[in-house]
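S.K.:
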Amino acid sequence: MFKKRSYTPFYNFSKTSFVRGIQCRKILFLDKYKSSLKTPPDAETRARFASGIEFEARYKSTFPGAVNMKERFKYTSPEYVEATSQLLGNEGEVTVFEAAIMFKDVLVLTDVLRKNADGTYDIFEVKHSDKVNTAIEWDLSVQYYVCKNALRNIRTFNLVNRVGEADFAVTDYKAFVEERLPEVEAYLTEFRQVLQGFEPEVPMGPQCEEPYKCDFQDYCKKLR
Ligand code: SF4
Numbered sequence: 175m176f177k178k179r180s181y182t183p184f185y186n187f188s189k190t191s192f193v194r195g196i197q198c199r200k201i202l203f204l205d206k207y208k209s210s211l212k213t214p215p216d217a218e219t220r221a222r223f224a225s226g227i228e229f230e231a232r233y234k235s236t237f238p239g240a241v242n243m244k245e246r247f248k249y250t251s252p253e254y255v256e257a258t259s260q261l262l263g264n265e266g267e268v269t270v271f272e273a274a275i276m277f278k279d280v281l282v283l284t285d286v287l288r289k290n291a292d293g294t295y296d297i298f299e300v301k302h303s304d305k306v307n308t309a310i311e312w313d314l315s316v317q318y319y320v321c322k323n324a325l326r327n328i329r330t331f332n333l334v335n336r337v338g339e340a341d342f343a344v345t346d347y348k349a350f351v352e353e354r355l356p357e358v359e360a361y362l363t364e365f366r367q368v369l370q371g372f373e374p375e376v377p378m379g380p381q382c383e384e385p386y387k388c389d390f391q392d393y394c395k396k397l398r
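Numbering of the sequence shown is given in this note's numbering, commencing with residue 175 and proceeding in unit increments.
So this is what it looks like as structure tokens:
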């Protein structure tokens, strides 16, 4: 019934697809090949996204003079990655919003990336949440994996999250994500096999709600 797939796009994994793949291998496959089957986000989810965007914009406003790569490239592309690489290859300090960093077939966009005068990097991932769940930890982990391999000289790797209604807390997660590098590599190896195979037959269960409600539930319910 299910057709075997092959894949050769510009990249295979983003932070989002990696985190969703950990939640359920079937999400990974459906995101890649049947994304039109998703149920659109409800009003509550859309409001949460909007709050997150506003929070991130407020944090970014604390970096005047930064280069916003998203204003130059509306869509991710090899040219976007190349332009980021050229910018970071220039002499001197620079702060970049949405730098496109790629290693192997994994592409990440960093919220804020600061290249220092000594060639080291400070990276900041902004999350509106006031709690750090497993999805955020894996989001940080795969982003660090890509940045460390592509840029090498990471000085700090920071999570910026919410405290109270509006304040920012900045925590350096470098030691935490450094320990996770082998696990990230192992997951990616497994995920590549998932994408090259048949649609996984995964029964619905607790993973459909945690850490986030899966937007393929309507599709999976019809298969029962
Ligand atoms: S609804 Fe559940 S089983 Fe189906 S793809 Fe989502 S998490 Fe996986």
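Note that CB positions come from ideal geometry on N, CA and C, so glycine has one too.
Computed from a predicted structure; not experimentally measured.
DSSP three-state call for aspartate 285: helix, strand or coil?
M.R.: On the sequence shown, residue 285 is found 111 positions in, with the first residue counted as 1. Of the three classes helix, strand and coil, the one that applies to aspartate 285 here is strand, per DSSP.
S.K.: Checking 8 Å against the spacing of the C-beta atoms, do leucine 281 and tyrosine 185 come in under that value?
M.R.: By one-based count along the sequence shown, residue 281 stands at place 107. By one-based count along the sequence shown, residue 185 stands at place 11. With respect to the 8 Å criterion, leucine 281 and tyrosine 185 are classified as neighbours on the basis of their beta carbons.
S.K.: Would you kindly report the start and end of the unbroken beta strand (DSSP E) that includes alanine 343?
M.R.: Position 169 of the sequence shown, counted from the first residue, corresponds to residue 343. Residues 341-346.
S.K.: Where does phenylalanine 365 sit, in a helix, a strand or coil, going by DSSP?
M.R.: If you number the sequence shown from 1, residue 365 lands on position 191. DSSP places phenylalanine 365 in helix when its eight states are reduced to three.
S.K.: Does the ligand SF4 have a heavy atom nearer than 7 Å to the CB of lysine 200?
M.R.: As a first step, residue 200 is located in the sequence shown; it is residue number 26 there, counting from the start. Checking every heavy atom of the ligand SF4 against the Cβ of lysine 200, one is found closer than 7 Å.
S.K.: Name the two residues that bound the continuous alpha helix (DSSP H) containing phenylalanine 203.
M.R.: Position 29 of the sequence shown, counted from the start, is the residue given in the question as residue 203. DSSP places phenylalanine 203 in the uninterrupted alpha helix (DSSP H) bounded by 199-207.
S.K.: Keeping to the same chain, check which residues put their C-beta closer than 6 Å to that of aspartate 389; ignore five residues upstream and five downstream.
M.R.: Residue mapping note: residue 389 aligns to position 215 of the sequence shown, counting from 1. So the qualifying residues of the chain are Lys212 and Thr213.
S.K.: Which class does valine 376 belong to by DSSP, given the choice of helix, strand or coil?
M.R.: As a position in the sequence shown, residue 376 is number 202, starting the count at 1. Reduced to three states, the DSSP call for valine 376 is coil.
S.K.: Answer yes or no: the CB of phenylalanine 390 versus the heavy atoms of the ligand SF4, is any distance below 7 Å?
M.R.: Within the sequence shown, numbered from 1, the residue matching residue 390 stands at position 216. Yes, since a heavy atom of the ligand SF4 falls inside the 7 Å radius drawn around the Cβ of phenylalanine 390.
S.K.: Here's the rule I'm using: 16 or more other beta-carbon atoms within 10 Å means buried, otherwise exposed. How should arginine 336 be labelled?
M.R.: In the sequence shown, counting from the first residue as 1, residue 336 sits at position 162. It is buried - the Cβ of arginine 336 has at least 16 other Cβ atoms within 10 Å.
S.K.: For methionine 175, count the other beta carbons within 10 Å of its own beta carbon; 16 or more makes it buried, fewer makes it exposed. Which is it?
M.R.: Taking the sequence shown and counting its residues from 1, one reaches residue 175 at position 1. Note that methionine 175 scores 41 on pLDDT, short of 50, meaning its location in the model is unreliable; the coordinates nonetheless yield the value given after this. Counting Cβ neighbours within 10 Å, methionine 175 comes out exposed, since fewer than 16 surround it.
S.K.: With a Cβ-Cβ cutoff of 8 Å, do alanine 240 and valine 255 count as a contact?
M.R.: For the purposes of this step, residue 240 is taken as residue 66 along the sequence shown, with counting starting at 1. For the purposes of this step, residue 255 is taken as residue 81 along the sequence shown, with counting starting at 1. Cβ atoms of alanine 240 and valine 255: not closer than 8 Å.
S.K.: Would you mind sorting glutamine 197 into buried or exposed? The rule is 16 or more other CB atoms within 10 Å of its CB.
M.R.: Within the sequence shown, residue 197 is the residue found at index 23, counting from 1. When all chains shown are included, glutamine 197 counts as buried.
S.K.: Rounded to a whole number of angstroms, what is the C-alpha to C-alpha distance between lysine 177 and leucine 202?
M.R.: Here residue 177 refers to the residue found at position 3 of the sequence shown. Here residue 202 refers to the residue found at position 28 of the sequence shown. The predicted model places lysine 177 with a pLDDT of 46, which falls under 50 and marks its position as unreliable; any figure quoted below should be read in that light. So the two alpha carbons sit approximately 16 Å from each other.
S.K.: Where do the ends of the alpha helix (DSSP H) carrying tyrosine 319 lie?
M.R.: As a working mapping, residue 319 is identified with position 145 in the sequence shown. Here the alpha helix (DSSP H) through tyrosine 319 covers 308-325.
S.K.: What is the rounded straight-line gap between the Cα of serine 225 and the Cα of histidine 302?
M.R.: Walking along the sequence shown from the start, residue 225 turns up at place 51. Walking along the sequence shown from the start, residue 302 turns up at place 128. About 7 Å.
S.K.: Expressed to the nearest angstrom, what Euclidean distance is found between the alpha-carbon atoms of tyrosine 181 and glutamine 370?
M.R.: As a working mapping, residue 181 is identified with position 7 in the sequence shown. As a working mapping, residue 370 is identified with position 196 in the sequence shown. Unreliable placement is indicated for tyrosine 181, whose pLDDT of 41 sits below 50; the coordinate value is still reported in the next sentence. Approximately 7 Å, taken between the alpha carbons.
S.K.: Quick check: the Cα distance between glutamate 253 and methionine 276, rounded to an integer number of angstroms?
M.R.: As a first step, residue 253 must be located in the sequence shown, where it is residue number 79. As a first step, residue 276 must be located in the sequence shown, where it is residue number 102. Going by the C-alpha atoms only, they are around 12 Å apart.
S.K.: Residue range of the alpha helix (DSSP H) that arginine 336 falls in?
M.R.: Here residue 336 refers to the residue found at position 162 of the sequence shown. Premise fails: arginine 336 lies in the beta strand (DSSP E), 328-337, not in any alpha helix (DSSP H).
S.K.: In the DSSP assignment, what residue or residues form a beta bridge with asparagine 242?
M.R.: Stepping through the sequence shown from its first residue, residue 242 is reached at position 68. DSSP output for asparagine 242 lists Phe271 as bridge partner(s).
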